[in-house]
Structure formats: structure tokens, C-alpha cells
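*Asks:*
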Amino acid sequence: MASRDIAQLEDALSKIHFGDGELSFKGLGMKLDNTESVEEMVSKIDQYQGLRALRLEGNTVGVDAAKAIAKALESKDLLQRCYWSDMFTGRLRSEIPIALRTLGSALMSAGSRLTELDLSDNAFGPDGVKGVEQLLKSPTCHTLRELRLNNCGMGIGGGKILAEALTEGYKQSALLGAPLQLKVFVAGRNRLENDGASALAKAFQLMGSLEEIHMPQNGINYPGVMALASAVRHNPELRVLNLNDNTFTKWGTLAMAEALKHLRNVQVINFGDCLVRSEGAIALAALLRDGMPILKELNLSFGEITDAAALVVAQAAVEKPDMEKVLLNGNCLGEDGCEALRDMMDDMDRGDMLGSL
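For what it's worth, this note's numbering labels the leading residue of the sequence shown as 7, then goes sequentially.
(1) CA-CA distance, Ile6 and Leu317?
(2) Just confirm the distance between the C-beta atoms of Cys344 and Leu363, as a whole number of angstroms; I'd bet it's less than 8 angstroms.
(3) From Asp296 to Lys267, what distance separates their C-alpha atoms?
(4) Please classify Gln53 as buried or exposed, where buried requires at least 16 neighbouring CB atoms within 10 angstroms.
(5) Give a yes or no on whether 8 angstroms exceeds the smallest Cβ distance from Glu46 to chain B.
(6) Between the Cα of Ala315 and the Cα atoms of Val282, His148, Ala78, Gly33, which residue gives the shortest distance?
(7) So within the region 106-178, which uninterrupted beta strand (DSSP E) runs reach at least 3 residues, ignoring any that extend past its ends?
(8) Just to confirm, are Ile226 and Ala203 a CB contact at a threshold of 8 angstroms?
(9) How far does the beta strand (DSSP E) with Arg87 in it reach, from first residue to last?
(10) Measure the alpha-carbon distance for Leu206 versus Ser49 and round it to whole angstroms.
(11) How is Asn252 classed by DSSP in three states: helix, strand or coil?
(12) Where do the ends of the alpha helix (DSSP H) carrying Phe210 lie?
(13) On a Cα-Cα basis, can you pick out the residue from Cys158, Phe210, Gly183, Leu186 that is closest to Ala193?
(14) Any idea if Asp127 is buried or exposed, counting beta-carbon neighbours within 10 angstroms, 16 or more meaning buried?
(15) So, at 7 angstroms on beta carbons, what are the nonlocal neighbours of Asp83 in its own chain, with the 5 sequence-adjacent residues on each side left out?
Here you go:
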């Protein structure tokens with residue numbers, strides 16, 4: 007390495023954070039191409055007894071560097087949390103699955119039992135999902151509680167591979183007497199569309215343990231929304247449902263409202279920019295009146311909802327004792343409709359609930 011590169015690397019490594027079982031190289035912007043470039047990182051991993059969390063996000067890791075890191079991880083059986091988002095900037099699409107398989111194999115060899123895995127912002131596509139497929143099926147991920155794959159470009163194919171891996175992981179873990187209980191699933195901006203979402207919905211329904219589902223901006227239309235609705239009703243501990251910027255239309259919204267009737271723990275619903283339209287909004291208002299006892303936030307912004315339907319939603323929302331926010335911006339309200347809505351909420355001393363309307 008050139009002396010300038012070495013100096014930059016030494017400066018970056020001087021900012022390493024460690025403590026409480028966590029070793030963090032987060033955001034150091036290191037370009038890790040080969041074994042030499044990760045020597046000090048590998049040394050710190052080797053020396054860290056009781057390593058439970060490893061942060062590599064914000065660096066770029068090549069295949070040879072990944073192999074060296076993986077070798078160090080083979081002895082880290084206590085590792086539980088891998089924060090590996092934004093880790094392959096500038097890498098060839100063909101490199102990423104190899105690096106992921108190498109790192110995953112090390113975790114499996116170590117006998118690690120992960121609770122959190124974050125691979126967001128890696129843009130690795132379906133091939134990247136294949137790179138972690140065996141890891142997700144393995145006992146290393148039978149204990150997984152949080153899986154984050156936001157903005158990975160998985161597409162329909164990647165969504166199906168992921169769904170199959172989660173399903174297989176659940177089945178294998180169930181045979182061992184401790185079924186996979188995934189609680190947080192994040193996969194926004196992945197172009198999953200209907201088929202990818204529907205495949206994942208089947209896995210969600212099988213697990214039945216989810217507390218948070220975040221799948222915004224995936225090009226999902228009402229068939230995919232209806233599949234997700236079927237899955238939602240089988241996850242009784244669900245607290246957060248974020249499907250922002252997909253396309254529900256009336257049919258998807260009606261299906262989702264019907265499914266949510268069965269849940270008692272939901273606190274946040276984000277159906278903003280989902281074209282729920284007026285009939286869907288009225289169905290959700292009926293849901294608020296009859297259920298959702300601890301709901302805190304409802305986002306129905308930019309949904310082509312009329313002023314009359316928005317008033318019905320607001321009237322139902324204001325009756326919820328824990329409600330803090332109902333977002334109706336960007337709908338078909340007009341100035342008079344907005345004023346009527348604000349006046350009604352102000353009269354009930356709940357004007358702050360409408361946010362910036």
C-alpha cells in the first residue's frame with residue numbers, strides 16, 4: 007500500500023469504537039480490497055473476547071478482505087448482531103454474493119446465534135440474497151429477531167428466495183423445538199411487487215411472530231396487499247405496519263381493514279401515498295371505532311381521500327385515547343375541507359394531531 011493510503015487507514019482505525027461487547031468500524035469510509043488492508047481490523051476482531059456485535063457499515067469490502075475478516079469470525083461463537091449495511095459501494099455485482107457467502111459460512115462455522123442482521127443499502131439484487139440464503143436457513147439464524155434488508159434491489163426473484171429461506175429456517179428450527187420468531191422485518195425500496203410480497207406474506211403467516219413490518223416503496227398493488235393482509239391477521243403481536251407508497255386502491259384497503267380487526271397491539275399504521283381512496287378510508291375509520299385500542303399514529307396522506315371521508319377518519323381517530331397523530335395531508339380536501347378539518351379538531355382541543363395540515 008502507498009504511504010498515503012496507510013496513513014489514511016491508520017487515521018480511520020484510530021476512530022474505532024469498542025465496548026459493551028460491540029466492535030464498531032462504522033462510517034470510517036475504508037476501502038478494504040485485500041488481506042493487507044484489513045490486517046489491523048482482523049487483529050482487533052481476533053483480540054476481542056466476548057464479541058457480540060460487529061459494525062462494518064459505511065466501508066467497502068472486497069472478496070479477499072471478506073475472506074480475511076471471515077477467518078477471524080470463525081472463533082466468535084458469541085456474536086449475535088451484525089450491522090453490515092452499506093458495505094459494498096463500488097463493488098462488482100458478482101463480488102458481493104461471494105463476500106456474503108464467505109462471511110456467512112464463518113458465522114455458521116463459529117456456531118454463532120444471531121439476533122440481528124442488517125444488510126440494508128447494499129444494492130445486491132437477487133444474487134445477493136442467494137449469498138445469504140444458506141445463512142438464513144441455518145441454525146445461526148434460527149434465533150434471528152430483526153432482519154433489515156432495506157434498499158437492496160432484491161426484486162421479485164430476490165423476494166421469493168428470501169421467503170423460501172425464511173420458510174425453511176422456520177421449519178428446521180421448529181423441528182428442533184424452538185421455531186424462528188422473527189419480530190422486525192424491514193425491506194423497503196426493493197421492487198418486490200405483487201409476487202415478491204405474496205411469497206413473503208406466506209412466510210410471515212407461517213412464523214406468526216412479527217411485531218414490525220416495514221415494506222414501503224415496493225411497487226405492490228392490491229393483489230400483493232391482499233396477500234399481506236392475510237398474513238397480518240396471523241401475527242397478533244404486530245405493533246407497526248408500514249406499507250407507505252404502494253398501491254392499495256379500494257380492494258386492498260378493505261382487505262387490510264378486515265385483517266386488522268383481529269389485532270389488538272397495533273400502534274403505528276403507515277398507509278401514506280397508498281391510494282386508499284375514500285371508500286378505503288371510511289373502512290379504516292370503522293376499524294378505528296371498533297378496534298385498534300392502542301393506536302398512536304395513522305398516516306393516510308396522499309391517498310385521494312375526499313374532505314367528507316377525511317372528516318369521518320378524523321372523528322374516529324379523535325376518540326382513540328392513545329392517538330397522537332393522524333396525517334391526512336395531500337388528499338382531495340381543498341382549502342375549505344382543510345379548514346373544516348382543523349376547526350373540528352381544534353374544537354376538541356386536538357388540533358395538534360393533524361400535524362402540518
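All C-beta atoms in this analysis are idealised placements derived from N, C-alpha and C, irrespective of residue type, glycine included. Everything numeric in this text was worked out from a predicted model, so none of it was measured.
*Replies:* Taking the structure as given:
(1) This structure cannot settle anything about residue 6, because the visible part of the chain is limited to 7 through 363.
(2) 6 angstroms
(3) 8 angstroms
(4) exposed
(5) You won't find chain B in this structure, because it holds only one protein chain.
(6) Val282
(7) 122-124, 152-154
(8) yes
(9) 87-89
(10) 39 angstroms
(11) coil
(12) 199-213
(13) Measuring from the Cα of Ala193, the nearest candidate turns out to be Cys158.
(14) Buried.
(15) Ala116, Gly117, Ser118
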